[in-house]
Each structure stands twice: as C-alpha cells, then as structure tokens.
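What follows is one structure encoded as structure tokens, with my remarks underneath.
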C-alpha cells in the first residue's frame, strides 16, 4: 500500500509569506507526527495528533506555527510570516492504532522549505 | 527520555556484516529501542525495534544486552545501498522520537 505522502516536495517562498505543508498518512493510521530537520541538524519533534485527543504541541517553536488534522486523516502544517530560520525539511510520520511504544512510525520524504 | 550514544561514523566492506553499537544506560523498563536510517534526501526509514529480547527481520538483527543498557544493530551482508545515517532511539512520551546525531555508515566496495 501507499506510504506517507507529503506535498509539495519542495517549496521556495519569500520571507514574511505564509506557507502550508500537507501530509497524507498511511490509511488507517491514527497517530500523526510532524518533525523538522534543519541543515546539518537532527530531527526535531514539532507536534503529535492521536485520534480525537488534544494534540501535543510541545515541540512547536513559536506561535507562527500551527497544525490541523481534519477528519482524522490529512494534516496541514502552517507557518505564518516565515523567517529564514524556518528553512528546513519538514517530515511527517504516522503509526497505526493502537498507538503504543511498540508501534513504529513511518515517515514520508518530507517537504524541503527554503525561505529567501 | 533516555538518551543514546552512538559512534559518529563507521566503515564497512561490502558483503561483510555491519555492527552498529548504541549505549542507552538510562533506559527505563518499558522503553523500547528503535533503529531508523536516513539515506540522503529521504525521510527516515524504520528498520527494527525491541524491548528486551533479540529481534530479527528481513533487514537486520537487533541484539539487546541483558541489562538493556546497550544494543547492537547488525546488517548481516552490507551493500552499497546501506550507506546512510543510522539512528538508535529510545522512544519518549507520546511515542515522539528523539533523534540524536546517529552513526554515519559508509559501505565501500
């Protein structure tokens, strides 16, 4: 079956613009995660969705970042008033129900965001 | 969340076994050890995970010491396509993965 799909694969935008990044998780996966990877850095957790529970937003770096997950499937990560330090690869992962520490996360190939 | 320590880089000859070590001395009793790898320009790829028993799948084997303070990922017959950064992760709360710097494995002919 299809894996995690992210779009666009690349996005170049000017500083100050808003951007939306999309993630389609694996069908039937109830848990969805966003991470980002800055150049030469490790992956950094951003936000986690599980079913209808309140998301864990503890990794979002500022209030310019927000994410939604509609209908328990597709998720959108929005960055408002982008800054150059937002340039990174944004990665989405999903894992199946029931979510537990024994369930691996499966990643998409990410959106490479470049802020000019 | 338990931290992990891995060598920065390793080399392996094609066709030989690659043994990648990881220390996780502060691991808690219910925390799993996960291994992922990342090939350039791709998202992390899940390899294997375990709690306390050794595990094997079509990609690799995972050997966890009895005290669970360290583990070794074994790629039995490394190929050039196994060149990647390998991450050993002890999973944290809400299952969020906390990635360290990983081990850069270079497989050479």
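Protein chains in written order, with this note's numbering: chain B, 1001 to 1116; chain Y, 3 to 111.
The beta carbon of each residue, even a glycine, is placed where N, CA and C say it ideally should be.
- A distance below 6 Å between beta-carbons, with the five flanking residues on each side excluded, links residue 1081 of chain B to the following residues of its chain, in chain order: 1016, 1064.
- In the assembly as shown, residue 55 of chain Y is an exposed residue. Its beta-carbon has fewer than 16 other beta-carbons within 10 Å.
- Contacts with chain Y at 8 Å (Cβ-Cβ) include residue 1104 of chain B.
- Think of a sphere of 7 Å around the beta carbon of residue 1065 of chain B: no beta carbon from chain Y falls inside it, the nearest being about 16 Å out.
- Residue 70 of chain Y carries a coil assignment under DSSP once its states are collapsed to helix, strand and coil.
- In this structure, the CA atom of residue 1077 of chain B is about 6 Å from the CA atom of residue 1066 of chain B.
- For the stretch 1015–1040 of chain B, the set of residues with a beta-carbon nearer than 9 Å to any beta-carbon of chain Y comprises 1031, 1033, 1035, 1037, in chain order.
- Restricted to the stretch 35–97 of chain Y, the beta strand (DSSP E) segments that are unbroken, complete and at least 3 residues in length are 35–40, 47–52, 63–66, 72–77, 86–92, listed in chain order.
- Within the stretch 1040–1074 of chain B, the residues whose Cβ lies closer than 7 Å to any Cβ of chain Y are, in chain order, 1042, 1043, 1045, 1048, 1056.
- Here the stretch 12–22 of chain Y makes no contact with the stretch 1103–1112 of chain B; the two share fewer than three CB pairs at distances below 8 Å.
- If one requires a minimum length of 3 residues, the beta strand (DSSP E) runs lying completely within the stretch 1041–1109 of chain B are 1043–1050, 1065–1069, 1075–1079, 1088–1096, in chain order.
- Sorting B/1012, B/1004, B/1002 by C-alpha distance to the C-alpha of residue 1083 of chain B places B/1012 at the top.
- Chain Y has a Cβ within less than 8 Å of the Cβ of residue 1091 of chain B.
- Beta-bridge partners assigned by DSSP to residue 1011 of chain B: B/1113.
- Counting only residues of its own chain and dropping the five nearest sequence neighbours on each side, residue 74 of chain Y has a CB closer than 6 Å to the CB of 21, 23, 65.
- Residue 31 of chain Y is outside the set of residues whose beta carbon lies under 8 Å from a beta carbon in chain B.
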